[in-house]
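Just below is one structure, and these are the notes that go with it.
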Amino acid sequence: MNRWVYLFSEGSKEQKDLLGGKGANLAEMTKLGLPVPTGFTVTTEACLYYLNHGNHLTDEMKDQVMAAVEQLSVKTGKRFGDVTNPLLVSVRSGSKFSMPGMMDTVLNLGLNDQTVAALAENSQNERFAYDCYRRLLQMFGNVVMGMDNNDFEHRITALKKINGLSFDNELTADHWKQIVSEYKEIYRKKLQREFPQNPIEQLYLAIEAVFGSWNNQRAKTYRRLHDISDDLGTAVNIQEMVFGNFGESSGTGVVFSRNPSLGDPGLFGEYLINAQGEDVVAGVRTPKPIQVLADELPKQYSQLKEICEDLEKHYHDMQDVEFTIEREKLFILQTRSGKRTSKAALTILLDLHKEGIIDEKELVRRIEAKDLEAALHPNFDEQELKNHESFLSGLAASPGAATGAAYFTAEAATEAKARGERVVLVREETSPEDIEGIAVSEAVITSRGGMTSHAAVVARGMGICSVVGCERLTVLEENKAVVGDKVIEEGAILSVDGTSGRVYFGEIPMEEVTNTVALDELHVIWDRHAAIKVRANAETPNDIETGMALGAVGIGLARTEHMFFERSRLLQFRQLILADSLEERLDVLKDLKEVQKQDFKFMYEAAQGKSTTIRLLDPPLHEFLSKGTEECREVAKELGKTFNEVKRKTDNLAEVNPMLGFRGLRLGVAYPEIYQMQAEAIIEAACEVTLEKGYPIAPEIMIPFTIDAEEFARVRTSIEGAIQKSLSARKQVLEYQIGTMIEIPRACFVADEIAKHADFFSFGTNDLTQMALGLSRDDSPRIINQYMEAGIFADDPFQVLDVAGVGALMKLAIERGRQVNPQLKIGICGEAAAHPKSIAFLNDLSIDYISCSPFRIPQAKMTLAQTAVKDQKQVG
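Letter by letter, the sequence shown follows residues 1 to 876 in full-length UniProt numbering.
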């Protein structure tokens, strides 16, 4: 025989799968001896059986329900349908995960034309009894019979209007009798049947209705939005009724053990005197703050406060508690972990730890990435967001939310910002030349590109929200864009949610920033548990300072090509690559060296002596070439060259596939003087900052795009010659390391040969993924989406490390590199490295650090600590 029903006295909090969250907690509170109205739970297994076998209660289920009802009668001294002492119950849903307001409830079940008279006599309150009866008729009609609730509400509204009354609690016993009579007439007309007078029939129908509500549309939508499985089912909790509408010494309310918006300790909630629970959430009357209860019913308030504190300690979490006071007696109807804002979630966890309620490992385990992410970035007000519908979506490339006027070029965005406007930059795709426009924008939207595209990487590094790869977006030349039949004109106000990847027309208010995250406290805790360190991908002083503030132990990737995106520097670099002779290049390099040296000094000062890895130039040269005839004319004019000279050189340097062309250390092989200049600038800047600031700087110089040991050795020898020459001239000694970025599959296979010449490896997961999978990181979102929809890919490999392919290459390279050089330092750069799913794999590799954009550092540190704590728990 299957067991479908459990008394509250038979269950526990560990049985949420079977009893649902509400039933398990009611059972637990019963075990704790709290004032819980007695009752029983029909299990989630019964629900699933009901839904999968014809939508009817089996005889076995009914027999077990009746046996539980009999136990309820014994405990309460009341019986269903008894005309002297009737048993009345509530019927409530309760799945494993809390789904507030998504499923259905019936109160006062057991009332009929006879038992309502008994309730009136026993309570000496006829008004109360008929108020309860009309509530049952209304809930039962709506929830169980599927009737329109407005059909009932209109009758009450009309009656109040006729009698010049404003609130339901002003209606008299005679008024409620009239409403009961009208409600029963509604049943007859709408359903062609009478309201069921048999309490057992009422109970069975109510249980079936709650089971059925698991599949109503709002419940399905809620589960989809909150990633809750459809296969869990809901339990049904049948519980003796207690009445908050029993006069002025009764009431009902909902209270949190801490403030769910701010996280502050102390009761937070509302209540109503002389009301039932549905009145609080229905908005029929304006509830009072819970603190007022301390004046109206001080004894009950004090008892409630003590119970909430005890429940919080027992469950190790902030609690959401429903209560009823019946004629000065307090009852607890439900407790569950309370919903809270992201900022409150972190505050509450830290406070629970400080108060000794949870230990440090539990604190680490329970922090959620979404809460940490939301706490670091601005977000739209959740209630306001519900009133807006997005018209465009793409990849959520950089989190946060922002509103601004749409502009379609970097120049227009910069000019608008100078006028005092908030700007959203909308582009087909961004390039290095757009950097100034990105920097002044509140948000960036592109129609092309993936999670590692230029727009995504730069926006993440700057902490600017971004949505990329919006395939339905077409950016037109006449400074406007279209999305289907919708047109985005220049200056149109857009609201961009970089966390969800959605874009809206108009301005959506932001949530009020009321507190900040105690990141310093969390960093100390995370660092105690994580074995792998986290560095920042950053090159500007602002990005480096942000990275340090967000917990980076150093700089893992400073991209020197990003230092040439500003217009005047871009011109200098174009002059370099368009030079026709070594002498002309050396003249340009002399000026660039001073510029670079100042860049590096600023970097070292911002990093304050922490480890700093600087990558030598690694741009596909096409990023810096003039685009189109008109731009060639402008460059020729600015450089004092003829149009034909510039056009000829640009055409000669053009490549069909520049990402696989003249870039990285290939530049150092062809033009060694460029890398020599950068190495000298790095070393000289380090020497000067060491003398001026006293920071112990040991530069880490990274040569990118290596495919062969001989190639790397040649470039290393070239730049070391320049370094030693510079140090000799200064008569200084400085420790430094020269390593390489492993981003080509061949480099992984010959890693043992490369390691003979390299001091460290840093894996570039973006390019390594691109080359291992044969997928363009900028042009592949459509392919990846198709593969994910088809179930070929579980995740986007540019966001989550491809463990089977790219991960295997990395593991091979690490093993071979360390065989030759056991002290070889290993780092991993690229956004996929910081993803929680990637970290689970990386944690098992013997690596020293990962490096990611500044705003992803806290999440990476958190995940590393959580993985370590999880491993410790499994070992223990």
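Backbone N, C-alpha and C define an ideal beta-carbon position, used for all residues, glycine too.
Could you spell out where the beta strand (DSSP E) holding residue i opens and where it closes?
| i | result |
| --- | --- |
| SER257 | 251 to 258 |
| GLU815 | From DSSP, GLU815 is part of no beta strand (DSSP E) but of the alpha helix (DSSP H) over 808 to 820. |
| GLU270 | 265 to 273 |
| MET741 | 737 to 742 |
| ALA235 | 234 to 240 |
| THR446 | 443 to 446 |
| ASN108 | 105 to 109 |
| SER762 | 760 to 764 |
Out of the options, which one is the CA nearest neighbour of residue i?
| i | options | result |
| --- | --- | --- |
| GLU605 | GLY640, GLU539, ASP587 and VAL689 | VAL689 |
| ARG528 | LEU864, GLU638 and LYS190 | LEU864 |
| PRO672 | VAL635, GLY721 and ALA46 | GLY721 |
| GLY23 | GLY33, ILE555, LEU34 and GLY11 | GLY11 |
| VAL534 | HIS56, LYS641 and HIS835 | HIS835 |
| LEU159 | VAL144, ALA607 and SER181 | SER181 |
| ILE577 | ASN387, ARG615, PHE602 and PRO619 | PRO619 |
| LYS590 | GLU631, LEU616, GLU511 and TYR675 | TYR675 |
| GLU411 | ALA804, TYR849 and ALA439 | ALA439 |
| GLY551 | LEU205, MET862 and VAL65 | MET862 |
| SER441 | LYS417, ASP767, SER447 and PHE256 | LYS417 |
| LEU18 | ASN2, GLY739 and ILE683 | ASN2 |
| residue 880 | ALA729, LEU191, GLY33 and LEU734 | The structure shown does not extend to residue 880, since the chain spans only 1 to 876, so no value can be given for it. |
| VAL646 | PRO696, GLU630 and THR867 | GLU630 |
| PHE600 | ASN25, LEU385, GLU684 and TYR849 | GLU684 |
| ARG340 | ARG258, LYS386, GLY54 and HIS226 | ARG258 |
Determine, using beta carbons only, whether residue i comes closer than 8 Å to chain C.
| i | result |
| --- | --- |
| ASN537 | Protein chain content of the structure displayed is limited to a single chain, and chain C is not contained in it. |
DSSP beta-bridge partners for residue i?
| i | result |
| --- | --- |
| ILE614 | ALA558 and ILE701 |
| GLU489 | LYS480 |
| TYR849 | LYS533 and GLY827 |
| GLN334 | GLU322 |
| ASP497 | ALA401 and ARG502 |
| ARG79 | PRO86 |
| ARG155 | ARG155 is not bridged to any residue. |
| TYR315 | Looking at the DSSP assignment, TYR315 forms no beta bridge with any residue, so it has no partner. |
| ALA406 | VAL424 |
| GLU471 | According to DSSP, which records beta bridges pairwise, GLU471 is partnered with nothing at all. |
| GLY39 | GLN239 |
| TYR301 | Bridge partners of TYR301: none, in fact. |
Roughly how far, in whole angstroms, is the beta-carbon of residue i from the beta-carbon of residue j, given that I think they are within contact range, below 8 Å?
| i | j | result |
| --- | --- | --- |
| CYS465 | SER398 | 5 Å |
| LEU51 | TRP214 | 7 Å |
| SER90 | LEU107 | 5 Å |
| MET741 | PRO704 | 4 Å |
| ARG134 | ILE179 | 5 Å |
| ALA813 | ALA747 | 7 Å |
| ALA406 | LEU494 | 5 Å |
| ALA709 | LYS756 | 7 Å |
| SER342 | MET318 | Not confirmed; about 14 Å, so no contact. |
| THR115 | GLY81 | 6 Å |
Residue i and residue j: beta carbons closer than 8 Å?
| i | j | result |
| --- | --- | --- |
| GLY20 | THR58 | no |
| LEU272 | GLY253 | yes |
| PHE97 | ILE290 | no |
| PRO378 | MET462 | no |
| VAL475 | ARG427 | yes |
| PRO699 | ILE614 | yes |
| GLY547 | ALA531 | no |
| ILE754 | PHE793 | no |
| ALA235 | CYS470 | no |
| VAL42 | VAL5 | yes |
| VAL803 | PHE763 | no |
| ASP371 | LEU352 | no |
| GLN737 | THR560 | no |
Could you check where the alpha helix (DSSP H) with residue i kicks off and where it finishes?
| i | result |
| --- | --- |
| CYS47 | 44 to 52 |
| ARG92 | No alpha helix (DSSP H) holds ARG92; the beta strand (DSSP E) holding it covers 89 to 95. |
| GLN676 | 672 to 693 |
| GLU645 | 643 to 653 |
| LEU775 | Taken as a continuous stretch (DSSP letters only), LEU775 belongs to no alpha helix (DSSP H), as it is neither H nor E. |
| GLY23 | 16 to 31 |
| LEU801 | LEU801 -> no alpha helix (DSSP H), and no H or E assigned at all. |
| LEU376 | 369 to 376 |
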